[in-house]
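Here is the structure we will look at, set down as structure tokens.
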Amino acid sequence: MEANKEKAIIYLFLKKLSSLSFAKDADTNLFYKECHNETVFQEVEFLKKKVDLKFPIHPFVEPLGLNSEKRETILKKLVPSFKDERKKLFWQFLPSNDNSKDLCVVSEA
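Throughout the sequence shown, residue numbering follows our numbering, covering 3 to 111 in sequence.
If you want it as structure tokens, here you go:
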């Protein structure tokens, strides 16, 4: 009989964790405790090995924003139906940027 060599899949829920820690070096592991009384962190791999940790991440210089035409459509059609004032404020102060990519492209097939 051949033993199953696959690792067990561990599902972690943030609401059940009391402490999280990440290594500063190029490590793909997450260290966590489920109780504040625990003295030792448990370790779990949370990134796949194929992830390139040396890939440079460039900070955004300007807000991503939303295409101004799409933003105006949302403000005119959707925002008036909101009952929560915070939602209205979010959309009113969301920056517009005509150079940003639309991440929600609907294909017409």
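C-beta atoms are modelled at their ideal positions from N, C-alpha and C, and glycine is treated no differently.
So, using beta-carbon positions, are residue i and residue j closer together than 8 Å?
i     : j      : result
CYS37 : SER23  : no
PHE48 : LEU32  : yes
ARG73 : LEU91  : no
SER70 : ASP104 : no
Who are the Cβ neighbours of residue i in its own chain at under 6 Å, not counting the five residues just before and after it?
i      : result
LYS35  : SER20, SER21 and PHE43
SER102 : LEU66 and GLY67
For residue i, which residues in the same chain have their Cβ closer than 7 Å to its Cβ, ignoring the five residues on either side in sequence?
i     : result
TRP93 : ILE76, LEU77 and VAL81
LYS18 : GLU36
Between residue i and residue j, which are expected to be in contact by the criterion C-beta below 8 Å, what is the C-beta distance as a whole number of angstroms?
i     : j     : result
ILE12 : VAL46 : 5 Å
What is the rounded straight-line gap between the Cα of residue i and the Cα of residue j?
i     : j     : result
ASN39 : PHE15 : 18 Å
LYS50 : ASP29 : 10 Å
LYS85 : LYS56 : 45 Å
PRO61 : SER98 : 18 Å
What is the DSSP secondary structure of residue i, reduced to helix, strand or coil?
i      : result
LYS56  : coil
SER102 : coil
LYS35  : strand
Might you give, ordered along the chain, the residues of its own chain that have their beta carbon closer than 8 Å to the beta carbon of residue i, omitting 5 neighbours on each side?
i     : result
ALA25 : ASN31 and PHE33
LYS89 : VAL81
Determine whether the Cβ of residue i lies closer than 8 Å to any Cβ atom of chain C.
i     : result
SER83 : No chain C appears in this structure, which consists of one protein chain only.
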